[in-house]
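Protein chains in written order, with this note's numbering: chain A, 1 to 391; chain B, 1001 to 1391.
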């Protein structure tokens, strides 16, 4: 019975991640025969979770394998609490962002109550705008800090100054949709999303670096998110890279990767003041460096040097198949690729780096949001027929 | 059938790791009923792999649960190629070192052919001294370098200057016992051994640091060895900790954890010349630091500072349950614990370090050798009834 439920979930997961797939393709991917696919699909059709249609462009020859599509009826709410903005989205089964709302964070304050109130307002407006007969089956949230697994407690979020704030529970209560809110660290979720449908598909050993004022990391080891003893693994931003004269870090230490490569370091090195939009200011420096602004070019080279040291260390430690640069680090890496490559060549062991590729995030600014959406879909995918929303 | 074989292997693994266990204890550990244990044990008894005996000190009351013991008939050869010595041992089912031979490495040269010849001589003398009717069921080897999984190729061993040497294949051929030689990185094997029967039992997220002239690492994530994309994970010794004025490292970089905390750094900081026995010289500095020699105390404090930075980084990255200091790092950590603790307090995130314990290796100098022995036993434990030696 458990096995059957997990097969239903696996099939639904395939069409959720890859979009419409023929029965034949599903049989191949799942390693089962077509009669099993037929039976599983029939149950999911009966529950309204998928539909079956002839493939488009079918010719008269032979009997075409029907295409299984995720139903447009089911969606999740996905929230993203980044340092400089709040985002909410309605994301459909299949991983499509159907609707989104956002607010710059700096205008609305940073305490738990204010953030939750604003997220609720964004979420309610999404629900109100949803087509009739659609159903919210889950809620996921990405947060820029260290999250306790299980209850979505923010243990530590230095950029917003949060310590032990019951974010997941408070957001669920205030939304009042009868659904829990699953919360994850933004870079952990970005790593999962890039692995499911981005620059890390098919790569089980993957490092995702996320720039969002600070620097976060999500690491997959053997296809599984590195949680560690209590779920707080991959605090890449607080790896000490400059112990001798490091810049002070929000965490209280100095010389952390985040302190040397984050937004504040880049702007300071370029002689620019921090502005309301971190992402915009970082992109401007990266762009100006490429187009020949000397101060911007020096700043990017300096930050790229430290980023390269951090990446070299991660390659030595994790022997990853791919390192993905996400968030603001996409822009930094694009501009500073030579410095990063030089540091890797100098400090990463040849055997450790011989197969490691460096890539830009394919999901760009949506990586963390799509990761949050997948958290929201997790219960449905684990057990498609008994999710509360279907009862 | 596969399921049954893996249950037989699981039972044998329990008595291999824990020693004699009652049927009742086995039933509890394996989560199966006693009639299943009875059936599995009967098959293993028939194959001569275990015996059943009444427990010692049985009173008359009730029917005692028979105790299942690993048979003394089966052993593996375990080899340990460390930087300054070669060791070979006969290790019995149950993990007991029954006999051992060793040779200082510096007297015999470092090329593949010489090392293999010496290991074969040590191994043959162990086989010759083995009691009649005992059987060698596997061969495992620990090597101080980066090992390709599958064929035991040494990709890189900076201390011995090896690059792409077919160590596993050559040792198997020269031993001519009709058995393959399974080779692993010394710190990877130390980590596994400490997890199975040492300071990391029951801790699925574990970091083992091994000092052997250089510094190696073995990391368990969720109970599994971190291999990474191609098996070369956890090159902890080449994490850059001192990018500004780091000591040169054998790998060609500078400021690596190994360059700042290894044997040569400690001896140089203490103003002592490297001698033939690295372990002895390191122990002498650590001992002299504790008993008040000022130069030794300064050296230990300096090295402990860098070691603490490395450990703080690892705690941030892995959120481990335990960090274990093995090999020469046992002595260094014992003498430099205050410096390590201070660096962790300063650089590791409070949430990341709140549950992390620091421990000395429980298996001491035998950690890597016992890890190699377990590699040798792996085939037997995976499928106890069809191991070649039993046919």
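All C-beta atoms, glycine included, are put in the ideal place defined by N, C-alpha and C.
Between residue i and residue j, what straight-line distance do the alpha-carbon atoms span, to the nearest angstrom?
i	j	result
residue 1347 (chain B)	residue 232 (chain A)	15 Å
residue 1090 (chain B)	residue 1082 (chain B)	17 Å
residue 1268 (chain B)	residue 1365 (chain B)	24 Å
residue 135 (chain A)	residue 74 (chain A)	5 Å
residue 87 (chain A)	residue 118 (chain A)	10 Å
residue 342 (chain A)	residue 315 (chain A)	14 Å
residue 103 (chain A)	residue 194 (chain A)	24 Å
residue 310 (chain A)	residue 1239 (chain B)	9 Å
residue 329 (chain A)	residue 1126 (chain B)	57 Å
residue 76 (chain A)	residue 379 (chain A)	11 Å
residue 156 (chain A)	residue 249 (chain A)	14 Å
residue 1208 (chain B)	residue 358 (chain A)	28 Å
residue 257 (chain A)	residue 159 (chain A)	15 Å
residue 280 (chain A)	residue 331 (chain A)	10 Å
residue 368 (chain A)	residue 374 (chain A)	10 Å
residue 1265 (chain B)	residue 28 (chain A)	56 Å
residue 206 (chain A)	residue 150 (chain A)	24 Å
residue 1165 (chain B)	residue 1154 (chain B)	5 Å
Nearest chain B C-beta to residue i closer than 9 Å, yes or no?
i	result
residue 242 (chain A)	yes
residue 352 (chain A)	yes
residue 392 (chain A)	Lying outside 1 to 391, the shown extent of chain A, residue 392 (chain A) is not represented and no answer is given.
residue 218 (chain A)	no
residue 314 (chain A)	yes
residue 199 (chain A)	no
residue 205 (chain A)	yes
residue 127 (chain A)	no
residue 192 (chain A)	no
residue 309 (chain A)	yes
residue 235 (chain A)	yes
Using a 10 Å radius around the Cβ and a threshold of 16 neighbouring Cβ atoms, would you call residue i buried or exposed?
i	result
residue 259 (chain A)	buried
residue 53 (chain A)	exposed
residue 1161 (chain B)	exposed
residue 1253 (chain B)	buried
residue 38 (chain A)	exposed
residue 430 (chain A)	It is not possible to answer for residue 430 (chain A), since the shown part of chain A is limited to 1 through 391.
residue 35 (chain A)	exposed
residue 41 (chain A)	buried
residue 1210 (chain B)	buried
residue 1261 (chain B)	buried
residue 1094 (chain B)	buried
residue 1004 (chain B)	exposed
residue 1033 (chain B)	exposed
residue 1080 (chain B)	buried
residue 1199 (chain B)	buried
residue 1273 (chain B)	exposed
So with Cβ pairs under 9 Å, would you call residue i a contact of chain A?
i	result
residue 1224 (chain B)	yes
residue 1346 (chain B)	yes
residue 1051 (chain B)	no
residue 1239 (chain B)	yes
residue 1318 (chain B)	yes
residue 1256 (chain B)	yes
residue 1247 (chain B)	no
residue 1251 (chain B)	yes
residue 1355 (chain B)	yes
residue 1143 (chain B)	no
Spatial neighbours of residue i within its chain, please: CB distance less than 7 Å, with the 5 preceding and 5 following residues excluded, ordered by chain position.
i	result
residue 1183 (chain B)	1141, 1143, 1147, 1152, 1167 and 1168
residue 296 (chain A)	270, 285, 288 and 289
residue 99 (chain A)	89, 90, 126 and 129
residue 223 (chain A)	204
residue 384 (chain A)	8, 9, 12, 44, 47 and 49
For residue i, which residues of its own chain have a beta-carbon under 8 Å away from its beta-carbon, when the five flanking residues on both sides are left out?
i	result
residue 1278 (chain B)	1083, 1084, 1212, 1213, 1263 and 1328
residue 1101 (chain B)	1087, 1088, 1089, 1122, 1125 and 1126
Go through its chain and collect everything with a Cβ distance to residue i's Cβ below 6 Å, but skip five positions before and after it.
i	result
residue 185 (chain A)	147
residue 174 (chain A)	116 and 120
residue 1334 (chain B)	none
residue 196 (chain A)	17
Can you determine whether any heavy atom of the ligand PLP sits closer than 8 Å to the C-beta of residue i, and answer yes or no?
i	result
residue 350 (chain A)	Only the bare structure without any ligand can be found here, which leaves the ligand PLP out of the picture.
Q) Between the stretch 235-243 of chain A and the stretch 280-293 of chain A, do three or more beta carbon pairs fall short of 8 Å? A) Output reads no: the stretch 280-293 of chain A does not touch the stretch 235-243 of chain A.
(Q) Tell me whether the stretch 222-232 of chain A and the stretch 1318-1337 of chain B touch, counting them as touching only if at least three CB pairs, one residue from each stretch, are closer than 8 Å. (A) yes
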